[in-house]
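Okay, structure first, notes after.
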Amino acid sequence: MEKVLAIGGVFFRARDPVALGRWYQEHLGVTLTPSNHDELPWQQEAGPSGISPFPETTDYFGDSKQIWMINFRVRDLSAMTAQLRAAGIGIDVDPQHHPNGRFARLHDPEGSPVELWE
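When the count follows the working numbering, it moves up by one through the sequence shown with no breaks and lands on 257 for the last residue.
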């Protein structure tokens with residue numbers, strides 16, 4: 140059975156993303172997600188994770204009322220996608236292969252977005 144390996148990132152809206160990001164760096168020691176693919180994000184044993192405050196107006200999470208989106212790292216996105224679809228769970232795979240990996244999006248039973256990252 141495929142399973143998530145780690146949290147790939149935590150993404151949330153903020154009134155002032157720059158100030159909030161600075162607070163996470165200063166007070167918790169969390170390195171924010173780099174703004175380009177040449178810089179390395181915070182590293183864990185299972186791979187990098189991103190901490191990214193987004194503007195309140197972002198549409199990246201789908202529903203404008205959604206404050207958080209969790210991103211889980213997976214070893215094999217194709218196998219995980221097949222497993223979820225076999226369970227009747229709708230999932231959209233981003234057809235683009237990004238420099239930092241492949242992504243897919245689904246929603247939990249309460250409608251919260253979940254992103255998978257290989």
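Note that beta-carbon positions come from the ideal geometry of N, C-alpha and C, so glycine has one too.
Beta-carbon proximity check, residue i vs residue j, cutoff 8 Å
i	j	result
Pro180	Met208	no
Ile190	Val213	no
Asn210	Glu249	no
Gly229	Glu257	no
Same chain, Cβ closer than 8 Å to residue i, neighbours up to 5 away in sequence not counted
i	result
Pro173	Leu179 and Pro180
Ala218	Glu141
Thr197	Arg152
Distance between residue j and residue i (C-alpha atoms, nearest Å)
i	j	result
Pro92	His176	Because residue 92 is not part of the residues shown, which for the chain are 140 to 257, the question remains open.
Ala145	Gly186	8 Å
Gly227	Glu165	43 Å
Asp231	Gly147	17 Å
Own chain, CB closer than 7 Å to residue i, minus 5 neighbours either side, in chain order
i	result
Pro156	Pro192, Phe193 and Pro194
6 Å CB neighbourhood of residue i in its chain, flanking five on each side removed
i	result
Phe200	Met208 and Pro252
From the options, residue whose alpha carbon lies closest to that of residue i
i	options	result
Ser188	Phe150, Ala158, Ile228 and Thr196	Phe150
With three or more beta-carbon pairs closer than 8 Å as the criterion, would you say the region 206-224 touches the region 236-252? yes
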